[in-house]
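Chemist: Sharing a structure here in structure tokens format.
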Amino acid sequence: MHIPSLLTERFSDALGRCDFATTIDHLDRYAGMIRPAGNPKFGDYQSNCAMPIGKLLPDSNPRDVAAQVIAQIQLDDLCDPPEIAGPGFINLRIKDSFLQTQLKAMLDDDRCLVTACESPKTILLDYSSPNVAKPMHVGHIRTTVIGNCLAKTLRFIGHRVITDNHLGDWGTQFGIIIYGYKHFGDPEIVRQDPVPELAKLYRVVHQLMGYHKSVASIPKLESELEHQQAEHSVAVEAANSAEGKDAKKKRKAADSLAKKISATESALDAARKTIAKTQSDPVMMQRAAEHPDISQAVLAETSKLHAGDAENCQLWEQFLPYCKDEINRVYDRLNVSFDYTYGESFYHSMLADVVADLTQRGLASESDGAVCVFLDQFEAPMIIQKRDGAFLYATTDLATLRYRTEHFSPDEILYVVDARQSEHFEKLFAVAELTGLSDARLVHISFGTVLGEDGRPMKTRSGSLIGLESLLNDAVDAAYQVVCDPERVNKLDPPMDDDEKRQVAETVGIGAIKYADLAHDRTSDYKFNLSKMVALTGNTSTYAQYSYARTAGILRRIGLTEAEVVERAKTSGLLLNHPAERALGLQLLQFEEALQSVSDNHAPNHLVDYVYATAETFSRFNDQCHVMNAETPDIQNTRLALVVLTGRVIKKALELLGIDVVQRM
RNA sequence: GCGCCCAUAGCUCAGCUGGAUAGAGCAUCGGACUUCUAAUCCGACGGUCGGAGGUUCGAAUCCUCCUGGGCGUGCCA
Numbered sequence: 006m007h008i009p010s011l012l013t014e015r016f017s018d019a020l021g022r023c024d025f026a027t028t029i030d031h032l033d034r035y036a037g038m039i040r041p042a043g044n045p046k047f048g049d050y051q052s053n054c055a056m057p058i059g060k061l062l063p064d065s066n067p068r069d070v071a072a073q074v075i076a077q078i079q080l081d082d083l084c085d086p087p088e089i090a091g092p093g094f095i096n097l098r099i100k101d102s103f104l105q106t107q108l109k110a111m112l113d114d115d116r117c118l119v120t121a122c123e124s125p126k127t128i129l130l131d132y133s134s135p136n137v138a139k140p141m142h143v144g145h146i147r148t149t150v151i152g153n154c155l156a157k158t159l160r161f162i163g164h165r166v167i168t169d170n171h172l173g174d175w176g177t178q179f180g181i182i183i184y185g186y187k188h189f190g191d192p193e194i195v196r197q198d199p200v201p202e203l204a205k206l207y208r209v210v211h212q213l214m215g216y217h218k219s220v221a222s223i224p225k226l227e228s229e230l231e232h233q234q235a236e237h238s239v240a241v242e243a244a245n246s247a248e249g250k251d252a253k254k255k256r257k258a259a260d261s262l263a264k265k266i267s268a269t270e271s272a273l274d275a276a277r278k279t280i281a282k283t284q285s286d287p288v289m290m291q292r293a294a295e296h297p298d299i300s301q302a303v304l305a306e307t308s309k310l311h312a313g314d315a316e317n318c319q320l321w322e323q324f325l326p327y328c329k330d331e332i333n334r335v336y337d338r339l340n341v342s343f344d345y346t347y348g349e350s351f352y353h354s355m356l357a358d359v360v361a362d363l364t365q366r367g368l369a370s371e372s373d374g375a376v377c378v379f380l381d382q383f384e385a386p387m388i389i390q391k392r393d394g395a396f397l398y399a400t401t402d403l404a405t406l407r408y409r410t411e412h413f414s415p416d417e418i419l420y421v422v423d424a425r426q427s428e429h430f431e432k433l434f435a436v437a438e439l440t441g442l443s444d445a446r447l448v449h450i451s452f453g454t455v456l457g458e459d460g461r462p463m464k465t466r467s468g469s470l471i472g473l474e475s476l477l478n479d480a481v482d483a484a485y486q487v488v489c490d491p492e493r494v495n496k497l498d499p500p501m502d503d504d505e506k507r508q509v510a511e512t513v514g515i516g517a518i519k520y521a522d523l524a525h526d527r528t529s530d531y532k533f534n535l536s537k538m539v540a541l542t543g544n545t546s547t548y549a550q551y552s553y554a555r556t557a558g559i560l561r562r563i564g565l566t567e568a569e570v571v572e573r574a575k576t577s578g579l580l581l582n583h584p585a586e587r588a589l590g591l592q593l594l595q596f597e598e599a600l601q602s603v604s605d606n607h608a609p610n611h612l613v614d615y616v617y618a619t620a621e622t623f624s625r626f627n628d629q630c631h632v633m634n635a636e637t638p639d640i641q642n643t644r645l646a647l648v649v650l651t652g653r654v655i656k657k658a659l660e661l662l663g664i665d666v667v668q669r670m
């Protein structure tokens with residue numbers, strides 16, 4: 006049920022019958038100018054087509070155009086008589102009888118009256134794609150949650166969706182683990198308890214690498230800082246002695262130097278912290294002394310792996326399943342899954358061929374020892390093979406694109422990846438175009454950064470990234486505080502046992518993080534605020550989940566199953582008597598509009614907005630329209646039907662967002 | 001230097017691709033529970049949409065410039 010589409014058809018017909026039909030091009034563009042009414046007093050929808058058409062006609066005005074359209078349009082079954090307002094708006098109010106008929110039909114439809122799209126496409130979604138062997142952190146939330154939501158929504162709309170988690174399973178992080186295992190590992194412990202042990206080995210080697218890197222960087226940073234400070238004082242003097250426009254310019258230059266100084270200072274600070282962390286631990290200090298060239302050694306282990314060294318390949322094969330277990334634990338908890346998990350390693354054998362192919366066709370060429378694809382639009386080329394012969398992620402992405410094109414022939418490929426990589430994707434898409442690698446529509450679904458309270462990318466106090474699991478735990482703990490608040494829980498009969506409490510806390514806590522992420526516009530950064538996310542009030546998952554629980558509670562209380570409610574409503578019919586009933590009914594029929602908008606714009610926040618609006622409309626209904634004390638049986642049946650439909654729609658919408666519901670909370 | 005992105009209420013954010021008086025949520029203040037869970041509902045307060053021009057019936061939205069922030073920028077991913 007997509008009411009604007011219905012209205013668009015009617016307007017299309019009407020416009021075609023108007024006097025100006027032959028003089029105006031693209032009439033359908035104007036027919037489609039249907040929007041929800043800006044204000045309830047104007048009705049439910051409005052058409053804005055008369056204004057632009059009026060502008061195109063020399064001896065006519067928008068209100069005349071609107072009058073002519075209204076004279077031609079056939080809307081009797083759908084709307085009350087349309088009204089012209091303001092400069093030429095056509096205001097439309099949906100007939101109650103239409104809403105009632107549709108809601109009745111909705112009772113029998115497990116798709117909540119969302120029709121499958123007419124021209125399904127094959128859409129491949131690339132999302133999540135963490136590096137295995139490395140703990141998942143806060144940065145993985147967005148790609149995972151947004152990708153999951155888009156995949157579910159597009160699939161529900163009727164597209165053929167293929168999800169592929171492009172794991173980083175072939176990079177330096179494996180060199181790290183292999184090195185750690187060889188030097189600090191205990192085969193027995195790894196055998197018995199592989200997942201935490203490998204994670205520990207990763208942390209140890211990573212810390213040692215960080216330590217040496219920081220030690221090496223300090224003198225450089227210090228001299229850089231000195232240099233910058235000298236430059237700065239010169240610049241300040243120059244600014245002070247200059248006049249007019251010149252002074253302003255020089256002042257600006259000085260300010261930009263000051264900014265560079267503070268950046269260098271914070272880099273120094275971070276390096277010192279890293280060093281201090283290792284220095285405070287005698288065991289680690291000794292290891293650091295014993296492994297001075299650890300970074301190079303790790304790279305060497307990685308190269309050996311890539312070159313097919315027997316021992317390293319065997320270790321990689323041994324460790325990979327455990328690393329996958331580790332991330333799968335998080336996916337299980339997030340309730341996220343993929344059709345395919347071809348990691349980077351899967352494409353390893355195809356990389357040389359990609360380079361050879363492009364070189365042979367004259368599209369790639371050697372430059373400074375590296376193999377590059379030069380693109381007119383970009384200053385820097387896309388490098389596909391390093392001077393030392395190693396391949397890069399650009400190479401892997403090309404190989405991946407070729408494989409996906411050959412095996413899935415997708416109409417579209419969506420890459421759900423951080424906005425900071427947009428230039429990489431522009432280049433990748435340009436190369437794909439240049440080389441004819443794929444005819445699919447390639448889209449970078451970019452997203453902003455998760456920031457801390459201070460507006461800086463979210464980090465722990467010591468400067469490291471925040472682990473995803475601990476974040477989830479915090480959210481669940483916070484949710485538990487709410488769920489177990491005795492004042493609330495005591496109202497429930499029968500009382501909640503510990504098991505149910507824990508389950509509700511898990512569902513609410515995980516939901517809170519996902520919901521808050523999806524609620525923001527995909528492309529903007531947002532500040533992560535746990536206490537707001539699990540808050541009891543406002544636009545949170547808690548509110549939506551609570552609304553669902555209320556619908557379930559009403560049915561429980563009245564002692565009827567969904568099927569029984571549906572049966573009753575079908576025999577007695579649906580009559581919208583109260584404004585709150587009507588508002589809720591209309592809201593429920595707008596589900597497809599929300600999903601369409603998510604799909605058109607790859608914008609999950611539009612679905613969040615819809616969920617919130619639905620929950621809000623239900624709360625208002627719940628406040629004003631009592632079900633048990635309804636004046637007549639027919640009124641009660643109508644309200645029960647609305648309760649059931651609301652429950653279904655909220656549950657389905659949350660499901661598409663990747664969020665579960667509970668029966669009571 | 002070059003490129004991309006951003007600036008909306010005290011705070012956190014929307015704003016459906018140019019439409020009517022710019023909206024939510026927090027926060028603040030004031031109302032509403034003998035009734036299906038008050039995690040609710042109803043009001044009030046709060047904005048020169050960073051600034052200046054331009055495009056037109058009409059601009060937070062499109063164009064130009066300015067200011068202030070963020071990110072990226074030849075061998076990491």
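Residue 324 in the numbering used here sits at position 319 of the first sequence, with consecutive numbering throughout. Glycine included, every Cβ here is placed at the ideal spot set by N, Cα and C.
On the DSSP letters alone, give me the boundaries of the alpha helix (DSSP H) that HIS449 sits inside.
Modeler: First-last for HIS449: 446 to 452, but that is the beta strand (DSSP E), not the alpha helix (DSSP H).
Chemist: Suppose you measure from the CA of ASP64 to the CA of LEU80; what does that come to, to the nearest Å?
Modeler: A straight line joining the alpha-carbon of ASP64 with that of LEU80 spans about 28 Å.
Chemist: Would you identify the three-state DSSP class for THR651, choosing helix, strand or coil?
Modeler: THR651 falls in the helix class under three-state DSSP.
Chemist: Is DSSP giving GLY173 helix, strand or coil here?
Modeler: DSSP places GLY173 in strand when its eight states are reduced to three.
Chemist: Exposed or buried, what is ALA138 when buried is set at 16 or more other beta-carbons lying within 10 Å of its beta-carbon?
Modeler: buried
Chemist: Between the Cα of ARG562 and the Cα atoms of GLU231, LEU61 and VAL648, which residue gives the shortest distance?
Modeler: VAL648
Chemist: Alpha carbon to alpha carbon, how far is ALA221 from HIS353?
Modeler: 33 Å
Chemist: In terms of residues, what are the limits of the beta strand (DSSP E) holding ASP191?
Modeler: For ASP191, there is no enclosing beta strand (DSSP E), since its DSSP letter is neither H nor E.
Chemist: Which residue wins for smallest C-alpha separation from HIS449, given the options SER427, ASN610, ALA585 and ASP198?
Modeler: The candidate whose alpha carbon is nearest that of HIS449 is SER427.
Chemist: With DSSP as the reference, please indicate the residues paired to GLU371 in a beta bridge.
Modeler: VAL376
Chemist: Measuring alpha carbon to alpha carbon, tell me which of ARG147, ILE167 and ILE146 ends up nearest ALA156.
Modeler: Cα-wise, what sits closest to ALA156 is ILE167.
Chemist: Just to confirm my understanding: we take ALA599, look at its own chain, exclude 5 residues before and 5 after, and list those with CB closer than 7 Å. What are they?
Modeler: HIS611, LEU612 and TYR615
Chemist: Pick helix, strand or coil for MET387, following the three-state DSSP scheme.
Modeler: strand
Chemist: Put LEU131 into one of helix, strand or coil per three-state DSSP.
Modeler: In the sequence on display, residue 131 carries Asp and not Leu. Strand, per DSSP.
Chemist: Residues in the same chain with beta-carbon distance under 8 Å from LEU104, minus the five sequence neighbours each way, listed in chain order, please.
Modeler: LEU581, ARG587, GLY590, LEU591 and LEU594
Chemist: Contact defined as beta carbons within less than 8 Å: I believe LEU262 pairs with HIS237. What is the distance between those atoms, to the nearest angstrom?
Modeler: 4 Å
Chemist: Using the DSSP secondary-structure output, state which residues sit across from ASP423 in a beta bridge.
Modeler: PHE452
Chemist: CA-CA distance, LYS257 and VAL241?
Modeler: 10 Å
Chemist: Using only CA atoms, which one of ALA204, ASP503, PHE189 and VAL200 lies nearest to ARG292?
Modeler: In terms of Cα proximity to ARG292, the closest of ALA204, ASP503, PHE189 and VAL200 is PHE189.
Chemist: When we look at the beta-carbon of PRO443 and count the other beta-carbons within 10 Å, is it buried (16 or more) or exposed?
Modeler: Looking at the sequence shown, residue 443 is not Pro but Ser. Around the Cβ of SER443, a 10 Å sphere holds 16 or more other Cβ atoms; the residue is buried.
Chemist: What residue range is occupied by the uninterrupted beta strand (DSSP E) comprising ARG40?
Modeler: 39 to 41
Chemist: Would you list the residues sitting across from TYR345 in a DSSP beta bridge?
Modeler: For TYR345, which the question treats as bridged, DSSP gives the partners ASP169.
Chemist: Three or more C-beta pairs under 8 Å: does that hold for the stretch 630 to 645 against the stretch 561 to 575?
Modeler: yes
Chemist: Who pairs with LEU439 in a beta bridge, going by DSSP?
Modeler: Paired residue(s): none; LEU439 is not in a bridge.
Chemist: If I measure Cβ to Cβ from LEU470 and keep anything under 8 Å in the same chain, skipping five residues before and after, which residues do I get?
Modeler: Cβ neighbours of LEU470 beyond the five flanking positions: HIS142, VAL143, GLY144, MET463 and LYS464.
Chemist: For PHE351 and ALA404, what's the separation of their Cα atoms in angstroms?
Modeler: 10 Å
Chemist: Comparing alpha-carbon positions, which option in THR545, GLN178, GLY394 and PHE94 lies nearest GLN51?
Modeler: PHE94
Chemist: CA-CA distance, GLY48 and LEU97?
Modeler: 5 Å
Chemist: Going straight from the alpha carbon of HIS502 to that of GLU474, what length do you get?
Modeler: In the sequence under discussion, the amino acid at residue 502 is Asp, which differs from the His named in the question. Distance between the alpha carbons of ASP502 and GLU474 is about 25 Å.
Chemist: Using the DSSP secondary-structure output, state which residues sit across from CYS84 in a beta bridge.
Modeler: ILE99
Chemist: Along the chain, where does the alpha helix (DSSP H) containing SER219 start, and where does it finish?
Modeler: For SER219, the enclosing alpha helix (DSSP H) has its first and last residue at 199 to 246.
Chemist: Looking at C-alpha atoms only, which residue of ALA618, ASP274, CYS328 and ILE389 is the closest neighbour of ASP358?
Modeler: Of all alpha-carbon atoms in ALA618, ASP274, CYS328 and ILE389, the one lying nearest the alpha-carbon of ASP358 is that of ILE389.
Chemist: Kindly give me the distance between the Cβ atoms of THR120 and GLU597, rounded to whole angstroms, as I take these residues to be in contact under 8 Å.
Modeler: 7 Å
Chemist: Quick check on DSSP: helix, strand or coil for ILE78?
Modeler: Coil.
Chemist: Let me know the beta strand (DSSP E) ranges lying completely inside the stretch 297 to 349, each 3 residues or longer, listed in chain order.
Modeler: Listed in chain order, nothing qualifies, since the stretch 297 to 349 has no complete beta strand (DSSP E) run of 3 or more residues.
Chemist: Apply the 10 Å Cβ neighbour rule to ASP522 and answer buried if 16 or more other Cβ atoms are within range, or exposed otherwise.
Modeler: With a 10 Å radius around the Cβ and a threshold of 16 neighbouring Cβ atoms, ASP522 comes out buried.
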